[in-house]
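Asker:
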Ligand SMILES: Cc1ncc(C[n+]2csc(CCOP(=O)(O)OP(=O)(O)O)c2C)c(N)n1
Ligand SMILES: Cc1ncc(C[n+]2csc(CCOP(=O)(O)OP(=O)(O)O)c2C)c(N)n1
Ligand SMILES: [Mg+2]
Ligand SMILES: [Mg+2]
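Chains as they are written, first to last, in our numbering: chain A, 62 to 406; chain B, 62 to 406; chain C, 27 to 364; chain D, 27 to 364.
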């Protein structure tokens with residue numbers, strides 16, 4: 062059982078994982094952390110209208126996404142999966158474009174990435190993962206779908222319907238709940254009746270696993286097991302990674318109104334990146350020199366993405382009309398002409 | 062554990078209940094059975110456009126409704142709660158009017174009956190029960206809400222959202238699932254992932270109880286306990302009454318297309334009314350003479366309701382406009398004039 | 027004209043007696059046979075064949091991987107369709123009745139309709155939502171609703187409502203083969219009416235209306251079951267020497283502005299008839315469109331004959347709610363005497 | 027006239043500088059204080075005071091039994107409102123953003139809007155749904171939608187969209203005190219704009235529009251944030267000697283047909299402006315209604331300046347989607363030159 066408070070285990074271990082894997086986890090988490098910091102800065106500079114931080118959730122995201130195979134699986138994110146996208150290999154300038162509000166879903170190629178578009182409807186994409194997974198089985202292929210969602214999302218009807226469908230169809234899907242203990246201003250106690258998201262799985266006849274979301278090794282293991290189960294045709298698993306949203310809900314939020322800064326500080330100290338770094342060294346999977354190099358590389362990568370997104374061209378107004386339909390209509394073509402004559406000027 | 066097949070217990074007992082109560086249960090179940098038979102006949106005669114039978118579910122409905130207090134509680138039905146309505150004291154000519162399609166919600170007084178309008182949205186009324194119950198607690202009153210729903214309805218997002226709300230707010234509500242093993246043509250195995258509706262309750266942190274839905278005494282006891290819990294302020298309970306839909310889904314249905322008549326026959330033999338009759342006699346709560354009298358009275362009551370609904374006046378066309386708003390609008394008054402000039406003629 | 031010739035030349039079957047329910051069933055059979063990616067699913071569409079038997083026999087013929095029942099949850103049905111489409115399938119979900127599309131509206135509006143847009147074309151949604159629609163069968167509450175205004179107002183959706191078996195067949199082929207999401211609204215009241223039809227491949231482009239009865243004095247515009255009602259009105263009016271054109275809009279999005287304008291600029295008068303309530307119904311769009319295109323030609327404002335602004339009522343009140351022949355005739359008279 | 031006098035006579039507060047967000051907050055305070063049955067609830071409306079701070083301080087003042095957070099589930103929020111209303115409360119739920127009303131549409135359309143009807147008056151629904159609405163704030167997807175056509179088309183609902191702080195205050199009092207369900211659409215883009223206002227008791231009956239700027243040459247019809255835009259257009263046009271009337275519709279159901287007709291029969295020309303997509307938008311209803319009432323008076327067809335038939339776009343495209351001053355001016359020119 063992971064610690065429900067930050068007073069939990071002070072260290073983690075990655076002894077059960079390969080050095081290559083743990084180094085990769087560290088590299089992605091480090092890059093995500095730096096990119097997150099850059100993103101908050103971009104928001105302060107007015108380049109991003111708003112930003113939702115993943116700080117503190119890097120282990121949950123990177124380790125789970127790393128357990129998926131971008132060549133055959135498919136990931137369905139919400140609006141807070143930057144670190145997962147990064148670990149899964151999504152083109153990150155295109156990903157961050159959503160935060161500059163260049164295009165709602167992001168500007169990466171969803172089909173090529175096998176990573177769904179940024180989705181702002183809480184709970185909405187979870188049934189998509191189930192549909193995708195059912196489709197995979199129908200075709201006889203062995204891909205697995207993973208749906209990210211939050212503790213708040215667990216309250217939505219769509220999440221229940223999706224889990225019930227997954228159970229009935231035996232769909233190869235992993236429901237991955239990042240329980241960061243807050244849904245905007247509402248804490249778990251007033252959100253999740255019974256107090257546990259993973260406990261819900263039993264009611265659908267499939268396993269529910271609660272894992273320390275700040276322990277990259279544990280998250281990886283739990284997700285990999287769920288993925289393997291699904292791939293073997295044994296159906297869905299619900300993984301709940303218990304973590305904490307150390308930043309405001311978004312840069313527009315004011316958490317001072319609803320939560321205690323002391324609690325936040327305690328969780329900041331139980332930083333998943335610090336925990337992993339120590340575990341890597343303890344396991345002998347890397348030394349300080351290697352990690353320093355990774356840190357520098359991460360820094361450069363974060364800057365590259367930052368510069369890329371900050372300077373990306375704004376979409377042309379005509380794009381308003383481009384993707385509404387595959388087979389365009391006369392009416393929309395007419396409206397596009399109106400736009401050209403009256404707006405583009 | 063109740064029998065999931067009709068091969069279950071051959072007899073039930075009502076020794077734990079008072080003679081008055083068990084006789085009342087029998088009387089209501091008998092009346093409901095007769096009224097159901099009359100209703101099917103009315104449909105065949107073309108008086109009802111369609112009818113949804115409660116046959117075989119009389120114990121589940123009558124015993125649960127009898128555990129509620131019509132003076133302070135509130136019941137939220139679906140479209141298949143005729144026997145519950147009857148036991149709860151709803152004015153039955155008004156109730157049956159819904160089946161003659163005189164008025165969708167029925168013509169009984171919902172406020173006076175403390176029994177919600179007939180509701181055709183599967184799952185839709187369940188959150189109403191939670192809202193009502195939360196409102197009761199806010200006012201400091203001790204009424205309890207009971208929401209009926211089916212095994213099919215358990216798949217709807219609204220039912221999940223309602224249970225989660227109930228758990229979070231500690232609402233005095235009883236979720237009463239009549240699992241009649243079919244949702245139209247879809248059996249439990251392809252409807253309820255995990256196979257048990259009552260098992261879902263654990264995931265919301267409140268008790269879930271599975272009870273033999275054809276055992277009136279057991280249903281009464283389980284519901285009464287849930288009601289008492291709620292009344293004591295200890296929150297919601299989910300009661301699943303396992304029963305069987307021995308009739309077609311509705312008179313428009315053709316179950317020969319999707320289920321085995323042999324299974325239906327076996328369940329018809331495990332008739333809740335027969336079981337209760339035997340238990341009454343065994344417990345010495347009534348003798349044959351008493352039951353014969355009750356049977357005759359039930360028959361007369363069923364005929365009275367039948368005649369009442371068959372001869373009830375059709376609503377006047379102007380009723381189209383009467384209850385749309387409490388505070389009418391000019392536009393609707395204008396449309397009413399149009400109706401008067403162009404339709405009423 | 028070329029259109030008519032092309033139509034006649036299309037590969038046709040000989041005329042057969044079919045109801046619309048059968049014609050749609052035939053179309054689904056063709057689609058399932060021609061494209062292994064087509065999937066039919068929803069509540070009770072499998073062994074039962076749907077409550078209206080539109081999917082009758084399909085599971086038997088194509089197996090329970092191509093045609094299958096789902097649990098009872100409309101939002102998940104449409105959400106599943108999205109995921110299936112993202113995995114390369116061509117989903118044809120059914121929602122059992124119009125009024126039970128509401129629980130799925132979020133998935134339809136926020137996901138189905140805009141996934142292609144959101145992903146800039148990387149995740150097309152070739153989904154055809156089959157929705158038994160409209161009233162006229164004295165059904166329970168929520169079984170007689172007309173949601174076309176909502177769907178037509180939703181960017182990214184196409185919407186069609188056939189009015190007879192032959193057209194239902196071609197339009198279904200067209201809808202399912204389209205790479206855009208289409209809401210296919212089946213007029214329940216017309217399901218059982220059998221008539222001789224030729225099953226034709228689609229020939230008119232998406233968004234084309236059709237004149238089912240040419241006339242000179244006014245245009246009646248309708249879709250679904252109201253087309254038949256308008257034809258009856260036209261026949262009655264003809265006895266009094268009033269020659270009405272009946273235009274079956276069919277596609278409710280995209281709307282055939284040109285077809286409407288062509289008809290009304292000839293007849294100079296229009297009456298639009300629908301079952302949905304008046305206010306903000308699709309009739310308003312038709313009226314606005316016609317007025318924008320034919321302002322100088324119009325001899326009278328477009329008349330709207332619609333359901334009233336009240337919840338769809340039960341049995342005996344249904345005929346008082348739906349546009350009656352008399353109400354349409356009165357509207358025709360109003361426009362002629364304007 | 028009497029109306030104006032009555033208005034002036036209504037118990038007013040002295041003018042204060044308030045934003046609309048503050049004005050609505052004041053109204054909710056008055057309502058919570060005057061009626062112990064009023065309950066305010068929704069996602070994050072408690073300690074946080076709502077993402078727009080409209081419920082700021084209310085929980086502190088009235089306690090967490092009157093003002094409370096719910097779990098994150100829109101359908102249950104509206105379903106709960108139904109149950110609370112059936113238990114005698116007067117619920118004022120908030121759904122956090124327009125685009126997240128879709129998951130609750132089933133409860134809104136199939137339950138809230140018709141419970142009074144279904145129960146023949148035994149279960150009234152005095153529910154006011156507060157819905158931050160419309161675009162213009164460069165927000166994420168689903169945070170800039172305009173659902174008024176859907177709500178106005180739903181029998182049993184009343185719908186209102188204020189355009190300035192003072193009106194927002196009175197209309198909120200009116201909405202919550204009404205025994206019918208009201209969808210109260212708050213124009214997010216106007217939340218923060220402070221102006222001197224007098225907080226007045228409501229004086230005009232539900233369904234009354236208001237002329238915010240009288241004029242002679244054409245009537246601009248709008249609601250929500252587009253009213254301000256139309257006033258800007260009118261000021262610009264005035265420089266060219268074109269005198270535009272601006273009519274703030276306010277009530278989108280019931281619509282003020284008489285107010286519209288009175289204005290347009292004077293000006294003989296109308297332009298309706300809204301943020302929602304064109305097709306089947308409420309502008310079509312306004313155009314149809316105006317044309318029905320003023321057919322002989324109209325010098326040109328009613329012009330519609332609206333959002334395009336595309337999903338509401340992200341940041342930089344937002345100003346290209348929303349009706350611009352230029353587009354409205356061009357429409358004015360078209361109608362004047364018709
Ligand atoms: C259907 C829906 N309702 C409301 C919102 C507004 N909203 C955005 S994020 C959020 C909280 C989500 O909490 P959770 O699911 O725990 O995810 P987290 O933000 O903590 O990652 C809310 C209420 C939304 N985006 N979608
Ligand atoms: C939201 C919704 N979807 C679909 C339907 C159509 N429908 C009516 S009853 C039914 C099956 C319901 O099954 P269950 O909940 O088990 O109740 P039962 O009929 O067995 O009493 C269906 C699919 C409906 N009424 N409401
Ligand atoms: Mg959270
Ligand atoms: Mg059932």
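In this text, a Cβ means the ideal position worked out from N, Cα and C, and glycines have one as well.
The model shown is predicted, which means the values in this text are computed figures rather than measured ones.
1) Cβ closer than 8 Å: which chain D residues qualify as neighbours of residue 140/A?
2) What number of angstroms, rounded off, separates the C-alpha of residue 372/B from the C-alpha of residue 104/C?
3) Label residue 210/D either buried or exposed according to how many other C-beta atoms from any shown protein chain fall within 10 Å of its C-beta, with 16 as the threshold for buried.
4) By DSSP, does residue 27/C sit in helix, in strand, or in coil?
5) What does residue 216/B reach in chain A if we use C-beta pairs closer than 7 Å?
6) Taking the alpha carbon of residue 91/C as the point to measure from, which residue in 284/C, 79/C, 62/C and 77/C has its own alpha carbon closest?
7) Would you tell me roughly how many angstroms separate the C-alpha atoms of residue 328/A and residue 305/A, rounded to the nearest one?
8) Contact between the stretch 122-132 of chain D and the stretch 200-210 of chain B is defined here as three or more beta-carbon pairs at a separation below 8 Å; is this criterion met?
9) Taking 7 Å as the CB-CB limit, is residue 115/D close to chain B?
10) Are any of the Cβ atoms in chain A nearer than 7 Å to that of residue 346/D?
11) Would you kindly check if the distance between the Cβ of residue 290/C and the Cβ of residue 351/C is under 7 Å?
12) Should residue 363/A be flagged as near chain B, meaning a C-beta pair shorter than 7 Å?
13) Look up residue 271/B in the DSSP assignment and say whether it is helix, strand or coil.
14) Exposed or buried, residue 274/C, counting other C-beta atoms within 10 Å across all chains shown (16 or more means buried)?
15) So which of 142/D, 267/D and 47/D has the shortest CA-CA distance to residue 191/D?
16) If the cut-off is 9 Å on Cβ atoms, which residues from the stretch 105-133 of chain D count as contacting chain B, listed in chain order?
17) Would you please verify whether the beta carbon of residue 188/A is less than 7 Å from any beta carbon of chain C?
18) Could you tell me whether the Cβ of residue 383/C comes closer than 7 Å to any Cβ of chain A?
19) Note down, one range per segment and in chain order, each beta strand (DSSP E) of at least 3 residues found wholly within the stretch 271-327 of chain A.
20) Between the stretch 269-277 of chain A and the stretch 289-304 of chain A, can you find at least three pairs of beta-carbon atoms closer than 8 Å?
21) Does any residue of chain B have a CB that is nearer than 7 Å to the CB of residue 319/A?
22) For chain B, is any of its Cβ atoms less than 7 Å away from the one on residue 360/C?
23) State the Cα-Cα distance for the pair residue 182/D and residue 159/D, rounded to the nearest angstrom.
24) Regarding residue 122/A and ligand 5, is the C-beta to nearest heavy atom distance less than 6 Å?
25) Just reading off the beta strand (DSSP E) that residue 279/D is part of, what are its end residues?
26) Pick out the complete alpha helix (DSSP H) segments inside the stretch 136-182 of chain A, 4 residues or longer, and give them in chain order.
27) Are the beta-carbon atoms of residue 142/D and residue 384/B separated by less than 7 Å?
28) Run the CB neighbour count on residue 92/B, radius 10 Å, all protein chains shown included, and call it buried at 16 or more, exposed below.
29) Just mark residue 364/D as buried or exposed, buried being the case when its beta carbon has 16 or more other beta carbons within 10 Å.
30) So which of 94/D, 299/D and 280/D has the shortest CA-CA distance to residue 272/D?
31) When the cut-off is 7 Å and only beta carbons count, does residue 68/B lie next to chain A?
32) So, with DSSP's three-state summary, where would you put residue 33/C?
33) Starting from residue 248/C, follow the beta strand (DSSP E) in both directions and report where the run begins and ends.
34) What are the boundary residues of the beta strand (DSSP E) that includes residue 184/C?
35) As an exercise, report each continuous alpha helix (DSSP H) stretch of at least 4 residues that is fully enclosed by the stretch 295-347 of chain C, in chain order.
36) So, are the CB atoms of residue 311/D and residue 306/C less than 7 Å apart?
Answerer: The short version:
1) If you number the first chain from 1, residue 140/A lands on position 79. Correct list: 166.
2) Counted from its first residue, the second chain places residue 372/B at position 311. Counted from its first residue, the third chain places residue 104/C at position 78. Computed Cα separation, rounded: 43 Å.
3) For the purposes of this step, residue 210/D is identified with residue 184 of the fourth chain, where counting begins at 1. Buried: at least 16 other Cβ atoms inside 10 Å.
4) Reading the third chain from its first residue, position 1 is the one you call residue 27/C. Because the pLDDT of residue 27/C is 34, which lies under 50, any placement of that residue in the model is unreliable, and the question is left without a value.
5) Here residue 216/B refers to the residue found at position 155 of the second chain. Neighbours of residue 216/B on chain A, chain order: 222 and 225.
6) Walking along the third chain from the start, residue 91/C turns up at place 65. Minimum Cα distance to residue 91/C is reached at 62/C.
7) Within the first chain, the letter at position 267 stands for residue 328/A. Within the first chain, the letter at position 244 stands for residue 305/A. Going by the C-alpha atoms only, they are around 7 Å apart.
8) no
9) One-based indexing of the fourth chain puts residue 115/D at position 89. Residue 115/D counts as touching chain B.
10) Numbered from 1 along the fourth chain, position 320 holds the residue referred to as residue 346/D. Taking Cβ atoms only, chain A reaches closer than 7 Å to residue 346/D, which makes this a yes.
11) Locating residue 351/C in the third chain gives position 325, where the first residue counts as 1. Locating residue 290/C in the third chain gives position 264, where the first residue counts as 1. No, the Cβ-Cβ distance between residue 351/C and residue 290/C is not below 7 Å.
12) Against the first chain, residue 363/A aligns to sequence position 302. It does not: the Cβ of residue 363/A has no partner Cβ on chain B nearer than 7 Å.
13) Within the second chain, the letter at position 210 stands for residue 271/B. Strand at residue 271/B.
14) On the third chain, position 248 is the one that residue 274/C refers to. Classification of residue 274/C: buried, given that the 10 Å Cβ count is 16 or more.
15) Start at 1 with the first residue of the fourth chain, and residue 191/D comes out as number 165. The shortest Cα separation from residue 191/D among 142/D, 267/D and 47/D belongs to 47/D.
16) 105, 106, 107, 108, 109, 110, 111, 112, 113, 114, 115, 117, 129, 132 and 133
17) Taking the first residue of the first chain as 1, we reach residue 188/A at position 127. Interface residue, yes.
18) Residue 383/C is absent from the model: chain C starts at 27 and stops at 364.
19) 298-303, all fully within the stretch 271-327 of chain A.
20) Judged by Cβ distances under 8 Å, the stretch 289-304 of chain A makes contact with the stretch 269-277 of chain A, as three or more pairs qualify.
21) Residue numbering aside, residue 319/A sits at position 258 when the first chain is read from its first letter. No, residue 319/A does not count as interfacial toward chain B.
22) As a first step, residue 360/C must be located in the third chain, where it is residue number 334. No, residue 360/C lies away from the interface with chain B (no Cβ there is under 7 Å from its Cβ).
23) For this step, residue 182/D is matched to residue 156 along the fourth chain. For this step, residue 159/D is matched to residue 133 along the fourth chain. The straight-line gap from Cα to Cα measures roughly 20 Å.
24) You won't find ligand 5 in this model; what it holds is ligand 1, ligand 2, ligand 3 and ligand 4.
25) Locating residue 279/D in the fourth chain gives position 253, where the first residue counts as 1. It spans 277-279 - the beta strand (DSSP E) in which residue 279/D sits, taken as one unbroken run.
26) Listed in chain order, the alpha helix (DSSP H) elements of length 4 or more contained wholly in the stretch 136-182 of chain A are 143-149, 153-157 and 171-174.
27) Start at 1 with the first residue of the fourth chain, and residue 142/D comes out as number 116. Start at 1 with the first residue of the second chain, and residue 384/B comes out as number 323. Yes; because the gap between Cβ atoms is below 7 Å, this pair is in contact.
28) In the second chain, counting from the first residue as 1, residue 92/B sits at position 31. Label assigned to residue 92/B: buried.
29) In the fourth chain, residue 364/D corresponds to position 338, counting from 1. Residue 364/D should be labelled exposed.
30) Position 246 of the fourth chain, counted from the first residue, corresponds to residue 272/D. Among 94/D, 299/D and 280/D, the Cα nearest to that of residue 272/D is on 299/D.
31) Along the second chain, one-based indexing puts residue 68/B at 7. With a pLDDT of only 49 at residue 68/B, under 50, the local geometry of the prediction cannot be trusted, and the value read off the model is given with reservation. Not one chain A Cβ lies under 7 Å of residue 68/B.
32) Residue 33/C sits at position 7 when you count from the first residue of the third chain. Caution applies to residue 33/C, whose pLDDT of 46 falls short of 50 and renders its modelled position unreliable; the model cannot decide the point.
33) Position 222 of the third chain holds residue 248/C. Per DSSP, the unbroken beta strand (DSSP E) holding residue 248/C starts and ends at 244-248.
34) In the third chain, counting from the first residue as 1, residue 184/C sits at position 158. Taken as a continuous stretch (DSSP letters only), the beta strand (DSSP E) holding residue 184/C covers 184-186.
35) 308-320 and 344-347
36) Position 285 of the fourth chain, counted from the start, is the residue given in the question as residue 311/D. Position 280 of the third chain, counted from the start, is the residue given in the question as residue 306/C. Result yes, Cβ atoms of residue 311/D and residue 306/C sit closer than 7 Å.
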